[in-house]
Structure formats: C-alpha cells, structure tokens
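First residue of the sequence shown: 0, per numbering that gives the first Met the number 0; consecutive thereafter. What follows is a short report on a single structure.
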Amino acid sequence: MQNNNKSSGAEDYFEGKNGKAVLIIHGFGGHVSQTDILVEYLHGKGHTVVRPVLKGHRDYTDLHKCEPGDWICEIDYWINNLSNKFDSIYLIGISFGGNLALLKATANNPKIKGIITMETPIYFNSKIAFMLNVVQPVLDFFNIEKIRKNRFWYRKNYADPRDKSVSCPFIPVKTVGLVNKYVQECRKQISFVKVPVLAVQAEDSDLICKKSADYIVDNCSSAIKEKYLVPINNHDLDLMDESGKILMLQKINSFIERV
Numbered sequence: 000m001q002n003n004n005k006s007s008g009a010e011d012y013f014e015g016k017n018g019k020a021v022l023i024i025h026g027f028g029g030h031v032s033q034t035d036i037l038v039e040y041l042h043g044k045g046h047t048v049v050r051p052v053l054k055g056h057r058d059y060t061d062l063h064k065c066e067p068g069d070w071i072c073e074i075d076y077w078i079n080n081l082s083n084k085f086d087s088i089y090l091i092g093i094s095f096g097g098n099l100a101l102l103k104a105t106a107n108n109p110k111i112k113g114i115i116t117m118e119t120p121i122y123f124n125s126k127i128a129f130m131l132n133v134v135q136p137v138l139d140f141f142n143i144e145k146i147r148k149n150r151f152w153y154r155k156n157y158a159d160p161r162d163k164s165v166s167c168p169f170i171p172v173k174t175v176g177l178v179n180k181y182v183q184e185c186r187k188q189i190s191f192v193k194v195p196v197l198a199v200q201a202e203d204s205d206l207i208c209k210k211s212a213d214y215i216v217d218n219c220s221s222a223i224k225e226k227y228l229v230p231i232n233n234h235d236l237d238l239m240d241e242s243g244k245i246l247m248l249q250k251i252n253s254f255i256e257r258v
C-alpha cells in the first residue's frame, strides 16, 4: 500500500478524497501493523487515514517511561492538525486506544463526528482484573519495572509476545497501573460523550468483560450508539477469519458514512 504525504511523527498518513478523516489510535503495548486491514479498507473507501505511533511504541525500550497523559497529548496534536483541514473527523480506538478516544470525545469538539471503539475495556475479565488490581500494585511496591507479558497475563491464543513487530514483549508495571486508572476514569466520564458511538467487541473476549460494550452504549449520551459483536473468542480481532473481517469493516465504514 502506497503511503501518500507521510507526516513527521506519524507512522502513516494516507490522503483521501472524500473530505473525511479517520484517526486510528492503537492499543497499549500494541503495534500499528495490527491495524493494516483497517487502514487499507478505509483509505480504499476514500477517507484520509492517519495512524500515529504513540510514544514508547516504536521499539518499546522506553514504554516503561511513558504514561497515558503522553498519548493524550499526541492525540490532541493530531486532532488539532486534522481539524485545520477537515470538518469531519472520526476516531477509531483499538483496545485502550478506544478509552483514549472516548476521553477525547468528552471535550465535544464539533469536528469529531463519531467514535468507533474496538475491544475497548470498561471492565476486564476476572483473571485480568486480578492481575491489574492485586498483582500489579505488589510488583510496583517492590519497584519491579517490567515483567514478561506471558508471566503477567496468559492468553490462550494471541500473537507471539516475543515478536516486537506485533506487540510489546513485556509489561511495564507502573504504566499498566496508570492505564488501569484511565480505564476507570473513562468509565466515570463516558456519560459526557455525545457524538455517535459504535462499540465493536468480540463475542467472547479473553481479556475484557462482556459487559464493556454494553456499558459504553448504555451510558454514553449519544443520540446514535450501536454495538457490534464479532464472531471470535479473542481480544485480537485481527485473528478473525476473512469473512468476519469483511463484515466488520463494512459495518465500520457504513457507520462513518452515516453519521
């Protein structure tokens, strides 16, 4: 896929033709390559697509020095940048990227026309909640800086955590605690979200609680709010079969076209 007008500070900036801009926000510890299918499909539909690499996620060596506030500032930069060029901006947040998108939507920027969350945690499943609320504070108390991902949480089927082109191979202990606090803050602030919202979630995620998408839809103040379940039992939606991916992409694009 050809990259047109690649901007400084962004992994990819693809100029579209229809006057709509889509800002894709990857998840905590994730890699932008996981959003390739989104970029290709939405750009193919004429949208300008931007996907920045958030601080600490280029090679992960500095991820433990970063916090969600850093990523909020970067998202602010791109929203402001796009607001100078476009009247219609859509935020797509993958996992924790969805929490960041929802928090930014509470500012009620009139140019943000819609939010799509994808496997965004409002509540974690019991296993992950235990790790975040019990194990993480203990590790942080003993000043343990980071721990290998497969020792912090085990998931039965996900991309190899040792492959840095796919995801961060370790968990930065202090940062993951801050991420958890931002998830809780998102839960408190979600009623201030008034723009249209599409909450995409796995039918049976191995990381977030099933009621997360329901909470987003039931508690945001949007006139248009929809839930879309995809047929997979995994947090990594890019592991879905091709037919499921196509239906999901069509749903996302239809939402962008309608709102």
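Where a beta carbon is used, it is the ideal one built from N, C-alpha and C, also for glycine.
Going straight from the alpha carbon of residue i to that of residue j, what length do you get?
i      : j      : result
Asp69  : Pro51  : 13 Å
Ile111 : Phe141 : 42 Å
Tyr122 : Ser211 : 6 Å
Met170 : Glu118 : For clarity, residue 170 is Ile in the given sequence; the question names Met instead. If you take the alpha carbons of Ile170 and Glu118, they lie about 19 Å apart.
Ile127 : Val258 : 34 Å
Gly259 : Thr116 : Any property of residue 259 remains undetermined from this structure, which presents the chain solely from 0 to 258.
Ser94  : Gly29  : 9 Å
Tyr76  : Tyr59  : 21 Å
Gln188 : Tyr214 : 12 Å
Glu241 : Tyr40  : 13 Å
Pro278 : Pro136 : Coverage of the chain is limited to positions 0 through 258, which leaves residue 278 absent and any answer about it impossible.
Phe129 : Glu144 : 19 Å
Leu246 : Met239 : 11 Å
Asp11  : Asp61  : 21 Å
Near residue i, which residues of its chain fall below 7 Å by C-beta distance, leaving aside the five closest residues on each side in sequence?
i     : result
Asn17 : Gly45 and His46
Thr34 : Ile23, His25, Arg50 and Ile93
Short check: CB of residue i to CB of residue j, under 8 Å?
i      : j      : result
Val48  : Val31  : no
Ala198 : Val182 : no
Ser190 : Cys208 : no
Val229 : Ala201 : yes
Gly15  : His42  : yes
Ile71  : Leu81  : no
Asp203 : Val172 : no
Ordered along the chain, which non-local residues of its own chain (more than five positions away) have a Cβ less than 6 Å from that of residue i?
i      : result
Cys185 : Asn98, Leu101 and Leu102
Asn79  : none
Leu90  : Leu22, Ala100 and Ile114
Leu131 : Asn179
Lys250 : Tyr227
Asn252 : Lys44
Lys19  : His46 and Ser87
Ile255 : Tyr89
Give the single residue among the options whose Cα lies nearest to the Cα of residue i.
i      : options                          : result
Lys193 : Leu138, Lys19 and Thr105         : Thr105
Lys226 : Glu256, Thr34 and Ile114         : Ile114
Arg147 : Val175, Tyr40, Ile223 and Glu256 : Val175
His25  : Glu73, His63, Lys19 and Gly43    : Glu73
Asp86  : Phe95, Gln33 and Asn108          : Asn108
Glu66  : Ser221, Val38 and Phe27          : Phe27
Cys167 : Lys54, Glu256 and Ile223         : Lys54
Pro120 : Gly92, Val134 and Val133         : Gly92
So, for residue i: in the same chain, excluding its five sequence neighbours on each side, which residues have a beta-carbon less than 8 Å away from its beta-carbon?
i     : result
Ile36 : Asp237, Lys244 and Leu248
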